[in-house]
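**Student:** Numbering (the numbering used here), first residue to last: 747 to 1030.
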């Protein structure tokens, strides 16, 4: 599960680099436009400086995003015991794997960890039953068959003798009683631990279901916010090119658009991880 999460984090890191690379292209284009407008006398020096500051900010963010890629890749190498620490690249991009959320599963009784605890509890029960049997008296049975004849190998007479003896070791009684009580206590403890573990697993499953539903709602809202931010940027950019929009307003909506993109992909990561975690809890 941790490896799968690390892979998703690597996807998210690469997506962040992609977003900021496009943001840097837009910032450089705005700087070029601002320089031309300044030369023609349409912009003031303060506006040009604001654009340059924006370019520098995006460059710094992009560098941090690239560092995040290396960090995520190194962590994945650590989990896979790969000491080369190469920079991995995911085979697929970060997209929302939407699925039907109705009829969500329950914790399976045959899930490997639950089944292992059940087998352990059964073993304690077997030990307890064996210790209880030690209280029974020991049965020693014997028998013999004898021949009676005055001539050898004539076999004209014979006889059978059978017997049985019950014995009880009184000196071992207290020792056996203590052993049985201990095995009984261990069995009851294992049974209680199993019940608590199953209860905790059901609680975790319910939490995972709610986490997935919450992530679904956040994904829908963040997607809507991203669309609105993109449309606002398009309108402001067109107005800015026509000289109808202030530089500071354009930079503000550009910054907001980048932020909404990063938030959107972060929400996709949370949604995909919530799905993966739910599948992990319900896997046999």
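Cβ atoms here follow ideal geometry from the backbone N, Cα and C, with glycine treated the same way.
For residue 953 and residue 972, what's the separation of their Cα atoms in angstroms?
**Tutor:** Between residue 953 and residue 972, the C-alpha separation is close to 28 Å.
**Student:** Under a three-way DSSP split, which group does residue 762 fall into?
**Tutor:** Three-state DSSP puts residue 762 in a helix.
**Student:** So is residue 861 buried or exposed if we call it buried at 16+ other beta carbons inside 10 Å?
**Tutor:** Under this definition residue 861 is an exposed residue.
**Student:** Could you say which of 804, 876, 1013 lies nearest to residue 928 if we only look at CA atoms?
**Tutor:** Taking only the C-alpha atoms, the option nearest residue 928 is 876.
**Student:** Quick check on residue 838: does DSSP put it in helix, strand or coil?
**Tutor:** Correct three-state label for residue 838: coil.
**Student:** Of the residues 842, 763, 949, 1026, which one's Cα is nearest the Cα of residue 1014?
**Tutor:** Nearest C-alpha to residue 1014: 842.
**Student:** Take residue 962 and list the residues in its own chain whose beta-carbon comes closer than 6 Å to its own, dropping the five residues that flank it on each side.
**Tutor:** Answer for residue 962: no residue qualifies.
**Student:** Taking only runs of the alpha helix (DSSP H) that begin and end inside the region 788 to 841, which ones reach a length of at least 4 residues, in chain order?
**Tutor:** Runs found: 791 to 825.
**Student:** Taking residue 990 as part of the alpha helix (DSSP H), name the residues at either end of that continuous run.
**Tutor:** Run containing residue 990: none; DSSP gives neither H nor E here.
**Student:** Could you give the distance in angstroms between the alpha-carbon of residue 815 and the alpha-carbon of residue 756?
**Tutor:** Going by the C-alpha atoms only, they are around 6 Å apart.
**Student:** How long is the line joining the alpha carbons of residue 977 and residue 771, rounded to whole angstroms?
**Tutor:** So the two alpha carbons sit approximately 18 Å from each other.
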